[in-house]
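Single-structure report; data block below.
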Amino acid sequence: MAAVSVGIFGGAFDPPHVGHVELARVGTERFELDRLLVRVVEDPGHKEVSTSPQIRLFLAELAFAPLDEAEISLDPFPRTVDSLEALALDDPVFLLGADEFAALSSWKDPERVLALARLGVATRPGFARSRLDEVLAGLERPDRVTFFEIEPLPVSSSEIRSRVAQGQPIDGLVPPAVRAEIDRLELYRRVDRPEDGGMLRGEPTEGTTPT
Ligand code: ATP
């Protein structure tokens, strides 16, 4: 029997948006994944989140529902390497966007990450291939990294939070079911939500890894 190929796609998903879904969809095709473990990082540590892990899990379940291979769960590990150690999968592919890969040197133990998983790096607007090649050149195991193209979708969770807080529409930026729940639950309406124990400034946080 052929081995099952497993992918992992981790993120804060605060909220999940069309860029995430496109990355997951194309990545699943590109790497012929039988399963895609979508991991909602409970406490991303390095980035601000403004909603609880349970809300983000719920929104991710809605966003990735159309993808048959997706299995959505919470990830208790802030750092990718610890998550991969705990999952102990046989040669998984870890999917990520170019912004996260560009910050790879700030991750906890990047070479161990590459030993535990191959990386499938999706293009993201604003992150030139030349910059990614520089990061690649600094790795002991560049053969473990594959770049793949997705439709360029210049969208980020921080932009969506900012737009909602300013009363601007987010149609087309998040899946319709996610938009409906953001409306119904009145998420992201305020710039600061200290009562949630979180902060929301509406500023892009791209490249502020480590992960
Ligand atoms: P924020 O705006 O708060 O920084 P984000 O939009 O980057 O959030 P994350 O949940 O941090 O969302 O991202 C999860 C993963 O999805 C990361 O690997 C990131 O690189 C990737 N990703 C997010 N948005 C895009 C996009 N538009 N195109 C390609 N990859 C993306």
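Letter by letter, the sequence shown follows residues 605 to 815 in our numbering.
No residue lacks a Cβ here, since even glycine has one placed at the ideal position from N, Cα and C.
Contact set for P648: own chain, Cβ-Cβ below 7 Å, skip 5 residues either direction: A616 and P682
A667 versus R793, R783, R794 and D787, residue with shortest Cα-Cα distance: R783
Range covered by the alpha helix (DSSP H) that runs through V625: V622 to R634
Own chain, CB closer than 8 Å to V622, minus 5 neighbours either side, in chain order: L757, V759, G776, L777, V778 and P779
Option nearest V610 by Cα separation, candidates L678, L661, A692 and A669: A692
L791 - DSSP class collapsed to helix/strand/coil: coil
Nearest candidate by alpha-carbon position, reference A707, set D694, V725, A721 and P696: V725
Separation of L789 from L640, as counted between CA atoms: 28 Å
In chain order, each beta strand (DSSP E) run of at least 3 residues that lies wholly inside the region 680–736: 697–701 and 722–726
Buried versus exposed, by CB contacts within 10 Å (16 or more), T813: Because T813 sits at a pLDDT of 45, beneath the cut-off of 50, its placement in the model cannot be relied upon, and the point is left open.
Check whether R634 and F751 have beta carbons under 8 Å apart: no
Nonlocal neighbours in the same chain, by C-beta distance under 6 Å from E807, ignoring five residues either side: Model confidence at E807 stands at a pLDDT of 34, short of 50, so the residue's coordinates are unreliable and nothing is read from them.
For R660, the first and last residue of its enclosing alpha helix (DSSP H): P657 to F668
Distance between P680 and F613 (C-alpha atoms, nearest Å): 14 Å
For D747, three-class secondary structure by DSSP: helix
Expected contact under 8 Å - CB spacing of V644 and L671 to nearest Å: About 15 Å; that fails the 8 Å criterion.
DSSP state of S677 mapped onto helix, strand, coil: strand
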